[in-house]
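Report on one structure; see the data block that follows.
Protein chains: 2
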Amino acid sequence: MAEAGPGGLLDIGEVARESGLAPSALRFYEKKGLIAAAARNGLRRAYDPGVLHRLGLITCARSAGFSIAEVAALLSAGPGDEGLRERMAAKAEEVDEAIGRLTRLRDSLRHAAGCGHDPLVECPEFKRAVGRVPDPDAEPCTSAAGAGPVP
Amino acid sequence: MAEAGPGGLLDIGEVARESGLAPSALRFYEKKGLIAAAARNGLRRAYDPGVLHRLGLITCARSAGFSIAEVAALLSAGPGDEGLRERMAAKAEEVDEAIGRLTRLRDSLRHAAGCGHDPLVECPEFKRAVGRVPDPDAEPCTSAAGAGPVP
DNA sequence: AGTTGACTTGAACCGCGCTTCAAGTCGCAG
DNA sequence: CTGCGACTTGAAGCGCGGTTCAAGTCAACT
C-alpha cells in the first residue's frame, strides 16, 4: 500500500477522503485546536488513524448545532475538569430539549405532507404540534431563546 | 390597552417583545418572504397576531437546522404543491435521522460526564456511541455529508 | 536534471444570518 | 410649533465556518 507512511500514519488527502471533509476544513480544524497531526513528513501533516474517529465525533457534534468552540471544549475534557463535565451534562440536557423540538417538528412535517390544508401553516395539527397558538405563556418550541443549540 | 391598533393588529415592537426576536430580524424575515405585515399604519408595519405562531414555527425550524430558504419553502406550501409535499416528507426523514444522531450524542455526553477516561474522547463507550471506529463503510453519524440538516 | 503532483503557507474571499448605522418619517405631548 | 420616541429605509458591518488563491516546498518518476 502506498497509503500508510512510516508509522501507519495518514496523509491529509487520505484523511480527507475517509472523513468526507475537505483538506481545507482539516487545516481549519487544526488551527482551531480540534485536531492535530501526529507528526510531519517534512512539511506534510501525518495523521494518526484515530483522527478519523475524532472527526466523526466533530461532525456529529457540529450537525447537532455545536459551534467549533464548543466542540473544542468537549474534546479537551480531562477527568479532572469537573466544570467541563458539568457543562457536558448541561449540554446533554440541551440536546435532549433539541430532540424534543425536532421530534415535534418531524411529526408536524409528516402530518403536513399528508393533510390538505391550503396555507398548510394553518393546519390545526401543525399548529398544535409546533406550539404557541394564542398562549402568551408556555413556550413549548419557541423557548429556543437562550436554551436552544442554535447560537 | 394601548397595544392593539385599529384592527387588533400589532406593532413591530409588540411582535418583537412577544416573539423574543429583534425588530431587525423581523424586517429581515419579511425581506426574505418568511412573514408579511397585514397592513401599514403610515410607514409602520401592522402585524396580524397570527404572525406570532408563524414566528414560533420559524424559530423551531431554524433551531432544527433549516436554512431561511428552506423555511420559506415550507411556509409557502399549498395543497396543490405535490413536489413540495414530497420534499416535506423527505425533510421529515432527514429530521428523523438528525434525531437519531442527537440521541446518540446526548447519550454519549451523559456517559462522558460521568465516566473517568483521561482524554475522554478515548472512552470506549463514547467511541461506540458516536460510531465510526475503524469501519470503512457504514456511516452512522458522519453520514452528514449530503443528508444532514447542517449545510 | 526536470517535470509532475500532492502537499505547505497566509491572506483574501464567500454565503449566511442577522445587527448596526445614518438619515428620514411619523404621531403625539407639551 | 417643537420636541421626543418609536418607527422607516438602504447600505454597511460582523462573526462564523469554511473555501479559494498565489506562491512556495518537497518526493518521486522519467
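In the order they appear, the protein sequences are chains A and B.
So the first sequence is residues 416 to 566, counted in our numbering.
So the second sequence is residues 416 to 566, counted in our numbering.
We put the CB at the ideal spot given by N, CA and C, even for glycine.
Nothing here was measured: the structure is a model prediction, and the numbers come from that model.
Within the same chain, show all residues whose beta-carbon is closer than 7 angstroms to that of residue i, passing over the 5 residues directly before and after it, in chain order.
{"i": "A/Val486", "result": "Leu449, Ile473, Ala476 and Arg477"}
{"i": "A/Ala453", "result": "Leu424, Ala461, Tyr462 and Asp463"}
{"i": "B/Ala451", "result": "Glu445"}
{"i": "B/Glu433", "result": "Leu467"}
{"i": "A/Leu436", "result": "Leu470"}
{"i": "A/His532", "result": "Cys538"}
{"i": "A/Lys447", "result": "Ile483 and Ala487"}
{"i": "B/Arg442", "result": "none"}
{"i": "B/Asp496", "result": "none"}
Nearest to residue i by alpha carbon, out of the options?
{"i": "B/Gly529", "options": "A/Met503, A/Phe481, A/Leu458 and A/Ala484", "result": "A/Met503"}
{"i": "A/Leu499", "options": "A/Glu508, A/Ala431 and A/Ala488", "result": "A/Ala488"}
{"i": "A/Ser523", "options": "B/Glu433, B/His526, B/Arg519 and B/Ala507", "result": "B/Ala507"}
{"i": "A/Ala505", "options": "B/Glu501, B/Gly495, B/Arg525 and B/Arg516", "result": "B/Arg525"}
{"i": "B/Asn456", "options": "B/Gly422, B/Gly495 and B/Ala492", "result": "B/Gly422"}
{"i": "B/Gly465", "options": "B/Glu512, B/Asp496 and B/Glu429", "result": "B/Glu429"}
{"i": "B/Arg516", "options": "A/Arg459, A/Phe481 and A/Gly495", "result": "A/Phe481"}
Checking 7 angstroms against the spacing of the C-beta atoms, do residue i and residue j come in under that value?
{"i": "B/Leu520", "j": "A/Ala479", "result": "yes"}
Between residue i and residue j, how many whole angstroms is the CB-CB distance? I'm expecting something under 8 angstroms.
{"i": "A/Ile568", "j": "B/Thr518", "result": "Outside the shown range of chain A, which is 416 to 566, sits residue 568 of chain A, and nothing can be said about it."}
Skipping 5 residues on each side, what residues in its chain have a beta carbon closer than 6 angstroms to that of residue i?
{"i": "A/Ala559", "result": "Summary for A/Ala559: the model assigns pLDDT 35, below 50, so the residue's position carries little reliability; its value from the coordinates is reported in the next sentence. The answer is none, since no qualifying residue turns up."}
{"i": "A/Pro438", "result": "Ile427 and Ala431"}
Spatial neighbours of residue i within its chain, please: C-beta separation below 8 angstroms, excluding the five flanking residues on both sides.
{"i": "A/Ala492", "result": "Leu499, Arg500 and Met503"}
Runs of 3 residues minimum, wholly inside the stretch 455 to 495 of chain B: which ones carry the beta strand (DSSP E) assignment? 459 to 462
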